[in-house]
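Numbering (my numbering), first residue to last: 1491 to 1650.
Pasting the structure below:
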């Protein structure tokens, strides 16, 4: 049944059936299925997985893991999709606090996310712009020299 539903994605009806099925599973089982969808060869299926996350996943730890998966890819244009998929369950404050921790250990993830992250936070959670300032300052300190010019261009393109 599951593979049949996945083969029909991104059909809206199949996506809704998948959501209904996933709601019957435990959080760990949901995470396992969605992670499998991220390994699928089709970008359409992977896109459906991102749309399914906010509809079925409630466990904050799982949401953080999915956010980290997206950030680890270091895809500038994909950042917004991963943030949107996880922020409804985390909230912007918790999401940004996690990104502040990420900035300490994996600052390059933030470098690639910055271009999409700043406008998103400015529009949807302007009260948390101060956390972005802290994230920016942490990346300034922690970033390796090979990405400094790229980081500077990103900061210049989307100033706080």
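The beta-carbon is built from N, C-alpha and C at its ideal position, and this holds for glycine as well. Since this is a predicted model, take the numbers as computed values, not measurements.
Under the three-state reduction of DSSP, residue 1619 is assigned to helix. Cβ atoms of residue 1517 and residue 1542 stay farther apart than 8 Å, at about 14 Å. Counting only runs of at least 4 residues, the segment 1516–1546 fully encloses the following alpha helix (DSSP H) elements, listed from N- to C-terminal order: 1517–1528 and 1533–1546. For residue 1611 and residue 1570, the gap between their C-alpha atoms comes out near 10 Å. Within the model, the alpha-carbon separation for residue 1614 versus residue 1493 is close to 36 Å. Per DSSP, reduced to three states, the secondary structure at residue 1587 is helical.
Secondary structure of residue 1648 (DSSP, three-state): coil. The beta carbon of residue 1603 sits closer than 7 Å to the beta carbons of 1561 and 1569 from its chain, once the five residues preceding and following it are set aside; these are given in chain order.
When DSSP states are grouped into helix, strand and coil, residue 1498 belongs to the helix group. Sorting 1623, 1547 and 1597 by C-alpha distance to the C-alpha of residue 1636 places 1597 at the top. Taken atom to atom, the span from the alpha-carbon of residue 1572 to that of residue 1556 is near 8 Å. Each of 1616, 1601 and 1608 was checked against the Cα of residue 1639, and the nearest Cα belongs to 1601.
Sequence-distant Cβ neighbours of residue 1548 in its own chain, meaning closer than 8 Å and more than five residues away, are 1517 and 1579. Taking 8 Å as the cut-off, the beta carbon of residue 1592 is found no closer than this to the beta carbon of residue 1535. Taking C-beta atoms as the reference points, residue 1650 and residue 1621 fail to come closer than 8 Å.
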